[in-house]
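Input: a single structure, listed below in structure tokens.
There are 2 protein chains.
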Amino acid sequence: RPVREVLFFPCRPCCLEALLAEAEAEAAPARPCPCPLPRADTSLSRLVRRLLSARRSLDLCIFSFSCPLLARAVHLLHRRGVRVRLVTDAQYMGLQGSQIGRLRQEGIQVRHDQHSGYMHHKFAIVDRRMLITGSLNWTSQAIQSNRENVLVVDDAECVKPFLEEFERMWEEYNPT
Amino acid sequence: RPVREVLFFPCRPCCLEALLAEAEAEAAPARPCPCPLPRADTSLSRLVRRLLSARRSLDLCIFSFSCPLLARAVHLLHRRGVRVRLVTDAQYMGLQGSQIGRLRQEGIQVRHDQHSGYMHHKFAIVDRRMLITGSLNWTSQAIQSNRENVLVVDDAECVKPFLEEFERMWEEYNPT
Ligand SMILES: [Zn+2]
Ligand SMILES: [Zn+2]
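Now the structure itself:
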């Protein structure tokens, strides 16, 4: 059954602890989170669910990545053995609050553009066959305050060009 | 035949005079443009072609709109009798180089958000059935210098939620 999902933001606050705990293979059964936020089905929980569905690879191409929760989800996948590659923008990765440095320290491969223009994409490809793309930067501000869209599709006509663009950038931004 | 087109930017410089002249019903046969740029099939020319295919309506939801060429294409559609509606961001519409004021003066209906967060969408809907969406703001900088994507699709499962989001914003941002 083809995947076609459209998510809009801003997203009402919700607790994703149970979702993340469930996804950790080694985790003990999830204890109820003490935070006052509801466990709800929101655009953010749906986005995180799509990311956590990765079994083999996650190719990320994110202009601005400062949301700690999405960084946790990516780190979780990395620990689970999913091959994570991250392309980002040279200027934005240095800004305060960016999660890029931390993800790198955790062992995730990161490459960035070398140009004056922005690497302005905001897309993810799960297992080389599901594309998650849109206007949403991976920042808490965008998730909580902006009007944003994310489209999730798995038809090859859409996914393949993005995969090729990702591989082009991955090679082009190879520092060695 | 379903529409599935993926466009990447930056785009090499090209001359769109012939394309725009062709689209003007009243235009005399296009004279060759004196500019040195090649007439080429580029991501920008493809984007403009998709926009110019509008016959009845063009619903625009653009965070940052400063590209004069895309403003010309929108104005051309307005003159041709296409119903153009434009939703944009309150803060970015006031920036230097924004085309919003000019489009308004030309008679195009514009509404903007009233919130502290950004209206960060960058999508267009042609004739209520073709969606053009992605990371690309409608600025010359983005077109010429950034790495950006635009996805053009016409399946109802993608288009309908965006149409509904547009109508929600159009009502919500009604100043009266
Ligand atoms: Zn919680
Ligand atoms: Zn020219």
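Going line by line, the protein sequences match chains L and H. Quick note on the working numbering: the first sequence kicks off at 48 and runs consecutively. Quick note on the working numbering: the second sequence kicks off at 48 and runs consecutively. C-beta atoms are modelled at their ideal positions from N, C-alpha and C, and glycine is treated no differently.
Close CB contacts of Y220(H) within its chain, under the 7 Å cut and outside five residues either way in sequence, are with V134, R158, H159, D160, Q161 (chain order). The residues F56, S182, L183, A189, in chain order, have a CB closer than 6 Å to that of E195(L) in the same chain once the five nearest residues on each side in sequence are set aside. Excluding five sequence positions before and after V50(H), the CB atoms of its chain that fall closer than 8 Å to its own CB belong to M177, V199, V200, D201, given in chain order. Close partners of T180(H) in chain L (Cβ separation under 8 Å): G181, S182, N196, L198. For N221(H), not one C-beta of chain L is nearer than 7 Å to its own C-beta. With contact defined as three or more Cβ pairs closer than 8 Å, the region 209-219 of chain L and the region 76-92 of chain L are not in contact.
In its chain, beyond the 5 residues on either side, C61, C62, A65 have a beta carbon closer than 7 Å to the beta carbon of R86(L).
Taken in chain order, the whole alpha helix (DSSP H) runs of length 4 or more contained in the region 71-136 of chain H are 90-99, 115-126. At least one heavy atom of ligand 1 lies less than 6 Å from the C-beta of E64(L). Judged by DSSP in its simplified three-state form, E52(L) adopts strand. Comparing alpha carbon positions, the residue from Q191(H), C205(H), Q152(H), Y165(H) closest to A137(H) is Y165(H).
Ranking V129(L), L107(L), G154(L) by CA distance to the CA of H168(L) puts L107(L) first. Annotation: S104(H) to V206(H) spans about 14 Å, alpha carbon to alpha carbon. The beta carbons of A68(H) and D174(H) sit no closer together than 7 Å.
By the beta-carbon neighbour count (other beta carbons within 10 angstroms, threshold 16), Q152(L) is exposed. Interface flag for G141(H) against chain L is unset, since no Cβ pair is found closer than 7 Å.
About 4 Å separates the beta carbon of S90(L) from that of C58(L), a gap short enough to meet the 8 Å contact definition. Among the bridge pairs identified by DSSP, L198(H) is matched with V53(H), T180(H). Note that the C-beta distance between T180(H) and S111(H) is not below 7 Å. Between L123(H) and I172(H), the CB-CB gap reaches or exceeds 7 Å. Using a CB distance below 8 Å, the part of the region 204-216 of chain H facing chain L consists of E204, C205, P208, F209, E212, M216, ordered along the chain. Secondary structure note for R215(L): its alpha helix (DSSP H) is the uninterrupted segment 203-219. In the DSSP assignment, R59(H) falls outside any beta strand (DSSP E) and carries neither an H nor an E.
Between the C-alpha atoms of A70(L) and R149(H) there is a straight-line separation of about 51 Å. In the three-state reduction of the DSSP assignment, I147(H) falls in the helix class, which pools H, G and I. Straight through space, the alpha carbons of L99(L) and R130(H) are spaced by roughly 42 Å. For V157(L), no Cβ of chain H is located within less than 7 Å of the residue's own Cβ. Taking a beta-carbon distance threshold of 7 Å, G164(L) counts as an interface residue toward chain H.
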